[in-house]
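Colleague: For reference, the structure I am asking about is given below.
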Amino acid sequence: LVIEDEKKVASFIKKGLESENFAVELSYNGKDGLAKAYDESFDVIILDLMLPELDGLTILQRLRNDKVTTPILILTAKGNIDDRVTGLNLGADDYLVKPFAFAELLARIRALLRRNKPQKNPVMKFNDLRINVITREVYLGKELIELSAREYSLLLFLINNAGRVLSRITIAEHVWNYDFDSGTNFIDVYINRLRNKIEKPGKKRFIHTVRGYGYMFKT
Numbered sequence: 048l049v050i051e052d053e054k055k056v057a058s059f060i061k062k063g064l065e066s067e068n069f070a071v072e073l074s075y076n077g078k079d080g081l082a083k084a085y086d087e088s089f090d091v092i093i094l095d096l097m098l099p100e101l102d103g104l105t106i107l108q109r110l111r112n113d114k115v116t117t118p119i120l121i122l123t124a125k126g127n128i129d130d131r132v133t134g135l136n137l138g139a140d141d142y143l144v145k146p147f148a149f150a151e152l153l154a155r156i157r158a159l160l161r162r163n164k165p166q167k168n169p170v171m172k173f174n175d176l177r178i179n180v181i182t183r184e185v186y187l188g189k190e191l192i193e194l195s196a197r198e199y200s201l202l203l204f205l206i207n208n209a210g211r212v213l214s215r216i217t218i219a220e221h222v223w224n225y226d227f228d229s230g231t232n233f234i235d236v237y238i239n240r241l242r243n244k245i246e247k248p249g250k251k252r253f254i255h256t257v258r259g260y261g262y263m264f265k266t
C-alpha cells in the first residue's frame, strides 16, 4: 500500500514496484489510506508524512495503537529530522528521504520483507494448488504457474475472501483501485485468464461464478 498525495511520486513508485512483480494499491489522502490499511492485508505500507485530510504521523500512531503490525516505511522531506525521529519512535520500521532513487526504495522494502518474514509456513494449500506468499510462486501440482502481478493480486484477494461472493465492483475497487465500469468486461477477462492457469479440465475448480453478482473462491 502506497499512501502518497503527489500523484507523480505515487505513479513512479507503483510502476517501479509492479515491474518487480509487486501488486500495488494507491491512496492519495490520509483518510482513504488509513481505511485501506485497516480493511486489507498488505506486506508493506509506504507512508508519506505530509498528506491531506490526515497526516502520516497520525496514521502511523493510530495503526500502531490498534496493533496493526504491517511494516511501515515513511517518506520525509530532506532535512526534516524531527519528523523522522518522531516517526521511528511511533513505530515506523524505516524511512526514506525525498528525493530518492527507486533502487534504494526497493532494497529497503525487500529488507523489511526479510525482517518480517513469518515463522509459520508461508505456503497456502488448496488441493493441488499451492501459493507461497513470500516468494509469490504459485504451483498447480508440480507445475510452476506464471502469473502477472495483477493476476497474482486477484488470486490472493479471492483467496483472502474465500467462501464470500465478491461483486465485480468490489474486485475492481480492491484489485485495480478504481471504480468499476459496468460497460466493460475486464474483470471477466482476468477471471478467465486466471481460471485457465490454475484450473485444469477434470480437476478441482476453485473460482465459481455466481450469476448476476460476481465470483467466489471455494475449495
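Offset between the sequence shown (1-based) and the working numbering: plus 47.
Every residue, glycine too, gets a C-beta built ideally from N, C-alpha and C.
Where does Y199 fall in DSSP's three states?
Modeller: Correct three-state label for Y199: helix.
Colleague: Give the C-beta separation of A57 and L73 to the nearest angstrom, bearing in mind that I take them to be a contact with Cβ-Cβ under 8 Å.
Modeller: Going by Cβ atoms, the distance from A57 to L73 rounds to 5 Å, so yes, they are a contact pair.
Colleague: Measure the C-alpha to C-alpha separation of I234 and F59 and round it to an integer number of angstroms.
Modeller: Cα-Cα distance, rounded: 25 Å.
Colleague: T117 to R109, Cα distance in whole Å?
Modeller: T117 and R109: Cα-Cα distance of roughly 13 Å.
Colleague: Indicate, with yes or no, if the ligand ADP has a heavy atom lying under 7 Å from the CB of I92.
Modeller: With respect to small molecules bound, the structure shown includes none, and the ligand ADP cannot be examined in it.
Colleague: If you follow the beta strand (DSSP E) that L33 is in, where does it begin and where does it stop?
Modeller: In the structure as shown, the chain begins at 48 and stops at 266. Residue 33 is therefore absent and cannot be evaluated.
Colleague: Sort out for me which residues DSSP pairs A214 with in a bridge.
Modeller: Sequence check: residue 214 is Ser here, not Ala. Answer is G261.
Colleague: Spell out the partners DSSP gives A124 in its beta bridges.
Modeller: For A124, which the question treats as bridged, DSSP gives the partners K145.
Colleague: For I50, which of N179, F69, E65, K78 has the nearest alpha-carbon?
Modeller: Residue K78 is the option with its Cα nearest to I50.
Colleague: Identify which residue in D175, I128, L104 has its Cα closest to the Cα of G80.
Modeller: Answer by Cα proximity: L104.
Colleague: Between I218 and the rest of its own chain, which residues show a CB-CB distance below 6 Å, the 5 nearest in sequence each way excluded?
Modeller: Excluding sequence neighbours, I218 sits near I234.
Colleague: Assuming L122 contacts D102 under a Cβ cut-off of 8 Å, what Cβ separation, rounded to an integer in Å, is found between them?
Modeller: 12 Å between Cβ atoms; not a contact.
Colleague: If you draw a straight line from the alpha carbon of N174 to that of T266, how long is it in whole angstroms?
Modeller: If I take the Cα positions, the gap works out to 8 Å.
Colleague: Helix, strand or coil: how does DSSP classify V71 here?
Modeller: It is coil, neither helix nor strand.
Colleague: Measuring only the C-alpha atoms, how far is L64 from N136?
Modeller: If you take the alpha carbons of L64 and N136, they lie about 27 Å apart.
Colleague: Do you know offhand how far S200's Cα is from V222's?
Modeller: Near 6 Å, if we compare the C-alpha coordinates of V222 and S200.
Colleague: Closer than 8 Å by C-beta to R113: which residues in its own chain qualify, once you throw out the five before and the five after it? Chain order, please.
Modeller: A small fix is needed here, since residue 113 is Asp in this sequence, not Arg. Answer for D113: Y85, listed in chain order.
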